[in-house]
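In what follows, a single structure is set out as structure tokens and then discussed.
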Amino acid sequence: MRARRYMPMTKQDKDTPDPRIFIYHREKKVVEEEVSFPKCLTRLFYGTWPGRLLTNLFLTRRPLSKLYGRWQSARFSARKIERFIDKHGIDMGEVQVPPGGFKSFNDFFTRKLRRGSRPVQTDPEILISPADSRLIAYPVEDETVYPVKGVSFTLQDLLGDDSIGRLYQGGTCLIFRLAPTDYHRFCYLDDGNQGPVKSAGGKLHSVNPLALRQNLRVFQENYRERCKLFTKNFGEVIQIEVGALLVGKIR
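Here the sequence shown stands for residues 1 to 251, numbered as in our numbering.
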């Protein structure tokens, strides 16, 4: 699996937040700016108090996400696919295009890849990336994770179960953040068995680092699903899928 590592944004004045996201591309060995949600809208919704009020009252609600999903599943939405591909430089050579093409933008967004596009490393000592993503790793200290300076969340907040949280003290929290351009399917990180799925939360904040810097409770309040993975080579793992602004359904 391919993965990109998230690089913290440069320090900015709190009154003029910088919505840019910089990542280190491990294949190219360069730092580059991520092409993402329009910067002016990101700065408005998460960098100003009127925008944050609007976001909390309307944008993070699930009904809006459902309405947006229906719009993106309509046939007319297919017209923006080609423009999206060009803007984000998506390699269509690895995409499995259905007969007759994609019927809607949502059909393209949940696209499949050609067999062999993501060869999986089978060395049992190597932890693979379960998704195309930007990756950042944080140690779990005192059952707490600190994703951004001045911001933190406890495992109890994240999992909703204090007894489970204690099991991961001293472990590592891996955050795989998918950008809109990424292949939005993921796999298991190892052979093994999956436990039952449990859900929590209900909001759909953006997972853009700017939202985290505004001290929003993204990982504690966003809709999320979790399950235990009893893996062959890495022991017991908790896998958590976190919904995001306008992308709230997990299948």
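For glycine and all other residues, C-beta sits at the position ideal for the given N, C-alpha and C.
- Taking the Cα of Trp49 as reference, the smallest distance to any Cα among Leu158, Gly243 and Ala211 is reached at Ala211.
- A direct Cα-to-Cα measurement between Arg83 and Thr172 gives close to 39 Å.
- Judged by beta-carbon spacing, Cys227 lies within the 9 Å limit of Gly195, meaning their Cβ atoms are closer than that value.
- The beta carbon of Phe105 sits closer than 7 Å to those of Gln72, Ser77, Ala78, Lys80 and Ile81, all from its chain and outside the five residues before and after it, given in chain order.
- Thr122 sits exposed, since fewer than 16 C-beta atoms from the chains shown fall within 10 Å of its C-beta.
- Between the alpha carbons of Asn56 and Gly248 lies a gap of roughly 15 Å.
- Of the candidates Leu167, Thr154, Lys66 and Leu135, the residue whose Cα lies closest to the Cα of Leu245 is Lys66.
- The C-alpha of Phe234 lies about 21 Å from the C-alpha of Arg118.
- If only complete runs of 3 or more residues are kept, the region 102-159 shows the beta strand (DSSP E) at 133-139, 144-148 and 151-154, in order along the chain.
- For Gly51, the uninterrupted alpha helix (DSSP H) segment begins and ends at Trp49 to Leu54.
- The beta carbon of Glu221 is closer than 8 Å to those of Gly201, Gly202, Lys203 and His205 in its chain, skipping five residues each way along the sequence.
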